[in-house]
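J.: For what it's worth, this note's numbering labels the leading residue of the sequence shown as 947, then goes sequentially.
Backbone N, C-alpha and C fix where the C-beta goes; we use that ideal spot for every residue, glycine too.
Remember, predicted model here, so these are calculated numbers, not experimental data.
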Amino acid sequence: MTSLRTAVICSKLGKHGRTLLSHLKNTNINANKSSIRTFMRAVQIQKFGGPEVLQVDHVQVPEEKDHEVLVQVKCCGINPIDVYIREGGFAVLPPLPLILGKEVSGTVIKKGKDVTKFKEGDRVYCCLPWNGGYAENVVCSEDHTFLLSEKLSFPQGAGMYVPYFTAYRALVIKCKMQAGENILIHGASGAVGIAAVQLAKNRGLCVVGTAGTEAGLEVVRKAGADYVFNHREADHLKRAYETTDGKGFDVLLENMAHINLGKDLMVLSQQARLAVVGSRDEVKVIPRHLIYTEAMVVGIKLLANTKEEMQEMGNALYEGANAGWVNPIIDQEFDFDSAKEAHSLILSNRGARGKLVFKT
947 MTSLRTAVIC
957 SKLGKHGRTL
967 LSHLKNTNIN
977 ANKSSIRTFM
987 RAVQIQKFGG
997 PEVLQVDHVQ
1007 VPEEKDHEVL
1017 VQVKCCGINP
1027 IDVYIREGGF
1037 AVLPPLPLIL
1047 GKEVSGTVIK
1057 KGKDVTKFKE
1067 GDRVYCCLPW
1077 NGGYAENVVC
1087 SEDHTFLLSE
1097 KLSFPQGAGM
1107 YVPYFTAYRA
1117 LVIKCKMQAG
1127 ENILIHGASG
1137 AVGIAAVQLA
1147 KNRGLCVVGT
1157 AGTEAGLEVV
1167 RKAGADYVFN
1177 HREADHLKRA
1187 YETTDGKGFD
1197 VLLENMAHIN
1207 LGKDLMVLSQ
1217 QARLAVVGSR
1227 DEVKVIPRHL
1237 IYTEAMVVGI
1247 KLLANTKEEM
1257 QEMGNALYEG
1267 ANAGWVNPII
1277 DQEFDFDSAK
1287 EAHSLILSNR
1297 GARGKLVFKT
């Protein structure tokens, strides 16, 4: 209720004061009905370009549809794809102005009338199709929203969708990895690489991971890799191959295809499967290596997941988190005002050491 002091002040202002008092009372009534604000802070761009185009603005809180939940965001994942979109590096781009971000964690504060899986107060993480994540609130379809295990923090929850769903699609759905096989994860100290190490180790594979710094190598070891090698060393691939006793790798996950793909084809086993999850440029390959091994090379696109595959992943990863083997490693946390710094860091040459996230 409006305070007596406020009422007295408004009465002294005459007609305008009475109007203000009425507005304040209505505001308080509405606030009692719902704690949802009208505006929120968000990081968005008005044009494509470098980190300097990122700006923090106040924008309207989105309104959920019948099949969607409105989530109060606690943390937002920061991914290389956000940088590529910001730079305008895709053939098809979302319209401007644009709020970046594909994954968030937080709590459900409102739900559409057709939502049955979630209730207000649920801890969740959301898988956003293109954008919208760098904000204090998001709306997400029920089918792309998943319960966050109580064993994971909100920063870890913001590192579930892109890393773990990518690794799962690549290794389980596409490469169909099997216990006892050898796997090489090129670039294993980044968020996707760590997820791949944990997933492959849980499935019973012999895991070889690479990183570019000592700190990164230690992260890969802690994630569960059986062997680690520094991919900045010229002979790292030869030494990695030796761990297979000359057989080659049955499965290979490649985060930097424009650098490694040509050489990757030389260390594959017969009938091997190679998943490309990242590349920034063209690459030269010698096809006869594929002919010799009859290996398969497949690209990975998160948006290709079906509703059933999304549910399979969400269930498996929820169980994995409760069991302890799904354990996102957080490198650094930023606030929105440090967005330029975060985007400059994510593609730097310092070497990955886990996930970068925003905290709201």
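Name, in chain order, the residues that DSSP records as bridge partners for Asn1083.
T.: According to DSSP, Asn1083 bridges with Gln1018.
J.: Which same chain residues, not among the five before or five after Phe1100, have their C-beta less than 6 Å away from its C-beta?
T.: These residues qualify, in order along the chain: Lys1020, Cys1021 and Ser1051.
J.: Near Asn1273, what residues of its chain come up, given a Cβ to Cβ distance below 7 Å and the 5 sequence neighbours on each side ignored?
T.: Gln1144, listed in sequence order.
J.: Taking one C-beta from the stretch 1154-1174 and one from the stretch 1222-1236 each time, how about it: are there three or more such pairs within less than 8 Å?
T.: Not touching, per the Cβ criterion.
J.: Grab the span of the alpha helix (DSSP H) containing Arg1234 for me, first residue to last.
T.: Counting along the chain, the alpha helix (DSSP H) containing Arg1234 begins and ends at Arg1234 to Thr1239.
J.: Assign Asp1283 to one of three DSSP states: helix, strand, or coil.
T.: Of the three classes helix, strand and coil, the one that applies to Asp1283 here is helix, per DSSP.
J.: Can you tell me whether Ser1294 is helix, strand or coil according to DSSP?
T.: Three-state DSSP puts Ser1294 in coil, outside helix and strand.
J.: Spatial neighbours of Ala1218 within its chain, please: CB distance less than 8 Å, with the 5 preceding and 5 following residues excluded, ordered by chain position.
T.: Answer for Ala1218: Gly1194, Phe1195, Asp1196, Val1197, Leu1198, Thr1239, Ala1241 and Met1242, listed in chain order.
J.: Less than 6 Å between C-beta atoms, sequence neighbours within five positions excluded: which residues of the same chain meet that for Lys1230?
T.: So the list reads Gly1208, once near-sequence residues are dropped.
J.: Give the range of the alpha helix (DSSP H) segment to which Gly1266 is assigned.
T.: Here the alpha helix (DSSP H) through Gly1266 covers Lys1253 to Ala1269.
J.: I need the boundaries of the beta strand (DSSP E) containing Glu1049, first residue and last residue.
T.: Its beta strand (DSSP E) spans residues Glu1049 to Lys1057.
J.: Ordered along the chain, which non-local residues of its own chain (more than five positions away) have a Cβ less than 7 Å from that of Glu1127?
T.: Leu1151, Asp1196 and Val1197.
J.: Give me the Cα-Cα distance between Tyr1030 and Trp1076, rounded to the nearest whole angstrom.
T.: Tyr1030 and Trp1076: Cα-Cα distance of roughly 12 Å.
J.: Please report the distance separating the alpha-carbon of Gly1105 from that of Asn1201.
T.: Each residue's Cα considered, the two are about 17 Å apart.
J.: For His1013, I'd like the list of residues in its chain whose CB is within less than 7 Å of its CB, leaving aside the five on either flank, ordered along the chain.
T.: Hits under 7 Å: Gly1058, Asp1060, Val1061, Ser1087 and Glu1088.
J.: Taking the alpha-carbon of Gln1216 as reference, which of Thr1190, Glu1258 and Ile1275 has the nearest alpha-carbon?
T.: Selected option, being the one with the closest Cα: Thr1190.
J.: Output the distance between the C-alpha atoms of Val1002 and Arg1149, rounded to the nearest integer angstrom.
T.: Answer to the nearest angstrom: the Cα atoms are 42 Å apart.
J.: Buried or exposed: where does Asn1261 fall if 16 or more other Cβ atoms within 10 Å of its Cβ makes it buried?
T.: Classification of Asn1261: exposed, given that the 10 Å Cβ count is below 16.
J.: So, helix, strand or coil for Arg1178, using DSSP?
T.: Arg1178: coil per DSSP, three-state reduction.
J.: Does the beta-carbon distance from Glu1082 to Arg1185 come in below 8 Å?
T.: No, the pair does not count as a contact, with Cβ atoms beyond the cut-off.
J.: Distance check for His1004 and Leu1093, CA to CA, integer angstroms please.
T.: So the two alpha carbons sit approximately 28 Å from each other.
J.: Spatial neighbours of Val1174 within its chain, please: CB distance less than 6 Å, with the 5 preceding and 5 following residues excluded, ordered by chain position.
T.: Answer for Val1174: Gly1155, Leu1163, Val1166 and Arg1167, listed in chain order.
J.: With DSSP run on the structure shown, which of helix, strand or coil describes Gly1126?
T.: Correct three-state label for Gly1126: coil.
J.: Return the Cβ separation of Gly1047 and Tyr1080 in integer angstroms, given the expectation that the two are a contact with Cβ distance under 8 Å.
T.: Yes, they are in contact, since the Cβ atoms of Gly1047 and Tyr1080 sit about 4 Å apart, within 8 Å.
J.: For Thr1156, which three-state DSSP category applies?
T.: Thr1156 falls in the strand class under three-state DSSP.
J.: Using 8 Å for Cβ pairs, my map puts Ile927 next to Phe1304. What's the rounded Cβ distance?
T.: The requested residue 927 is not part of the displayed model; the chain covers only 947 to 1306.
J.: Please classify Thr1252 as buried or exposed, where buried requires at least 16 other C-beta atoms within 10 Å of its C-beta.
T.: Its Cβ having fewer than 16 others within 10 Å, Thr1252 is exposed.
J.: Please classify Asn1206 as buried or exposed, where buried requires at least 16 other C-beta atoms within 10 Å of its C-beta.
T.: Burial call: buried.
J.: Starting from the Cα of Cys1073, find the closest Cα among Ser1135, Phe1111, Pro1043 and Ile1119 and give me that residue.
T.: It is Phe1111.
J.: Taking only the alpha-carbon atoms, compute the straight-line gap between Ala1180 and Arg983 and give it to the nearest angstrom.
T.: Cα-Cα distance, rounded: 55 Å.
J.: Here's a check: name, in chain order, each residue in its chain whose Cβ is nearer than 6 Å to the Cβ of Ala1171, leaving out the five neighbours to either side.
T.: The residues are Val1143, Val1153 and Gly1155.
J.: Spatial neighbours of Arg1299 within its chain, please: C-beta separation below 7 Å, excluding the five flanking residues on both sides.
T.: Cβ within range, chain order: Ser1135, Ala1161, Gly1162, Val1165 and Asp1277.
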